[in-house]
Amino acid sequence: MLRLLLLLTGISSSFANSVGNPIWETKLNEVLNEIIIAHKIPGMSVAILENNEVVYQKGFGIAIVGQSKPVDEFSRFRAASITKLLTAQAVMMLVEQNKLKLDQTIGHYLPQFKGSEITIYHLLTHSSGFTDQVKPGLKERRISEYLHQVAKIKKLSQPGAVFSYSDTGFNILGAIISNVSGMSYVQYIEKFILQPLALKNTGFYDDVTVDAEPHYKGTPIPKHQQRPYDRSFAPSEGLITNVSDLITWTKATMLMKTLLLDKNSYEKMLEPQIKTSWGEIWMGLGWQVYQSDNGQVARHPGSVRGYKSLLLMYPQQKRAIVILTNSSHTPRFEVAKTIEKILASHQSKQH
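Letter by letter, the sequence shown follows residues -16 to -1, 1 to 335 of mature numbering (1 follows the signal peptide of the UniProt record, and there is no 0).
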């Protein structure tokens, strides 16, 4: 039954637009349908930017197993850690306004961390030494309470010594954004990133709801087993969006649109800063960056229970790929490689 539903809804969301489409797009539709069936992925949305233009936006599968609601390019998912890219962008906005300094210690902005040697830079590059010992709470928790709990955690290492991926660091950045701007973190992101780009289907816990429910191995995850919504974690994982909005943000970012940041800030965010523990991948400021045969790649994956996501930018190729799914078992990097191969094959036939 699941296979039949996935096959039918996958075709219905793409076939209507496939007549007269380029061969590569028809091929991609077929392959992505095969992937969601093979891996029991209920729903997936994909958007692609080529030559700085949106050339592909499609949904496949269904929003929740047992129902017939199809996923399309406007279906909202939890984007998880892709949120960190917007948080980093907001930090750089405040740096441009001289309200923040990358080398300033966090205790300068938050009294809970008075005397700490950890800087804004350490948080952006995941080199602060913070661990994720404090988890999202089931009950509403004041952000100040969360910060007090985090401040008591023993650090993994000295600031700047070791790369250690940390949601905690970005949650602290969100609190700093709020402190220096006089707005809540969510209000700041909405006013200075979402609204200028008219991203009307994107928001956070209190503003928008997901369309695609979370799944584990093809089975819906009950509400009580889902990752809790905790306002303290909005800066690290709280974004709810669709591929249509997310590719719009990606395009503005890759084109270095000045309505968000100055060119120098965009470029600084993509400069390798600290080597990660993931092979040849480095941390920029918020971005994970590495070199491919075709130039630099900047990325950020996202994962919370029942969702997997991936955003990839290829600045030299003027390409970007966005993938959102409602399954914990999505092979997102393999999906991205498949998309790359199909696009590369299409380009080679043009030359």
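Every residue, glycine too, gets a C-beta built ideally from N, C-alpha and C.
All of these numbers come straight from a predicted model, not from anything done at the bench.
Query: At which residue ranges does the region 31 to 108 contain complete alpha helix (DSSP H) runs of 4 or more residues, listed in the order of the chain?; Result: 67 to 80 and 104 to 108
Query: By how many angstroms is the C-alpha of His106 removed from the C-alpha of Val146?; Result: 10 Å
Query: By Cβ distance, which residues of its chain are closer than 7 Å to Lys139, with the 5 residues on each side in sequence left out?; Result: Gly113 and Phe114
Query: For Ser261, which option in Asp246, Tyr274, Lys252 and Leu254 has the closest C-alpha, if you only look at C-alpha atoms?; Result: Tyr274
Query: Is it right to say Ala320 is buried, meaning 16 or more other beta carbons lie within 10 angstroms of its own, or is it exposed?; Result: buried
Query: Out of Ile177, Leu230 and Asp277, which has the shortest C-alpha to C-alpha gap to Thr71?; Result: Ile177
Query: Please list, in chain order, all residues of the same chain as Ala47 whose beta carbon is under 8 Å from its beta carbon, the five residues on each side excluded.; Result: Pro26, Gly27, Lys53, Pro54, Val55, Ser59, Asp195, Ala196, Glu197 and Asn310
Query: By how many angstroms is the C-alpha of Tyr291 removed from the C-alpha of Thr10?; Result: 26 Å
Query: Spatial neighbours of residue 367 within its chain, please: C-beta separation below 8 Å, excluding the five flanking residues on both sides.; Result: Only positions -16 to 335 of the chain appear in the structure, and residue 367 is not among them; the question remains open.
Query: Please identify the residue among Arg62, Val15 and Arg215 whose C-alpha is closest to the C-alpha of Pro285.; Result: Arg62
Query: Just list the residues that DSSP pairs Gly279 with in beta bridges.; Result: Ser276
Query: Looking at the unbroken beta strand (DSSP E) that takes in Ser309, where does it start and where does it end?; Result: Inspection of the sequence shows that residue 309 is occupied by Thr rather than by Ser. Residues Arg303 to Thr309.
Query: Assuming Ile161 contacts Ala74 (C-beta within less than 8 Å), just tell me the rounded distance between them.; Result: 5 Å
Query: Could you check which residue in Lys259, Pro212 and Met167 has the C-alpha nearest to that of Tyr149?; Result: Lys259
Query: Should Leu327 be labelled buried (16 or more other beta-carbon atoms within 10 Å of its own) or exposed?; Result: buried
Query: For the beta strand (DSSP E) containing Lys292, name the first residue and the last one.; Result: Tyr291 to Tyr298
Query: Between which two residues does the alpha helix (DSSP H) harbouring Ala159 extend?; Result: Asp151 to Ser165
Query: Pick out the complete alpha helix (DSSP H) segments inside the region 231 to 270, 4 residues or longer, and give them in chain order.; Result: 247 to 253
Query: Roughly how far, in whole angstroms, is the beta-carbon of Tyr200 from the beta-carbon of Ser312, given that I think they are within contact range, below 8 Å?; Result: 5 Å
Query: Between which two residues does the alpha helix (DSSP H) holding Val170 run?; Result: Tyr169 to Ile173
Query: Assess contact between the region 236 to 255 and the region 87 to 105, defined as three or more Cβ pairs (one per stretch) separated by less than 8 Å. Is contact present?; Result: no
Query: Use the C-beta contact count for His132: other C-beta atoms within 10 angstroms, 16 or more gives buried, fewer gives exposed.; Result: exposed
Query: When burial is assigned at 16 or more other CB atoms within 10 Å of the CB, is Glu57 buried or exposed?; Result: buried
Query: Would the beta-carbon of Ser249 fall within 8 Å of that of Ile66?; Result: no
Query: Any Cβ of chain B within less than 8 Å of the Cβ of Ser59?; Result: Protein chain content of the structure displayed is limited to a single chain, and chain B is not contained in it.
Query: DSSP puts Val288 in a beta bridge; with which residues?; Result: Tyr291
Query: Within this structure, are the beta carbons of Arg303 and Leu33 separated by less than 8 Å?; Result: yes
Query: Once DSSP output is grouped into helix, strand and coil, what is the label at Pro219?; Result: helix
Query: Do Val306 and Val30 count as a contact pair if the criterion is CB distance below 8 Å?; Result: yes
Query: Can you say whether residue 351 is buried or exposed, counting buried as having 16 or more other CB atoms within 10 angstroms of its CB?; Result: Nothing about residue 351 can be reported from this structure: the residues present for the chain run from -16 to 335 only.
Query: Which whole-angstrom value describes the C-beta separation of Leu86 and Leu78, a residue pair presumed to lie in contact below a C-beta threshold of 8 Å?; Result: Between Leu78 and Leu86 the Cβ distance is about 10 Å, and since that is not below 8 Å, they are no contact.
Query: In angstroms with no decimal places, state the Cα-to-Cα distance between Lys325 and Ser168.; Result: 42 Å
Query: DSSP has Gly187 in a bridge; who is on the other side?; Result: Ile224
Query: Keeping to the same chain, check which residues put their C-beta closer than 6 Å to that of Arg283; ignore five residues upstream and five downstream.; Result: Gln272 and Leu296
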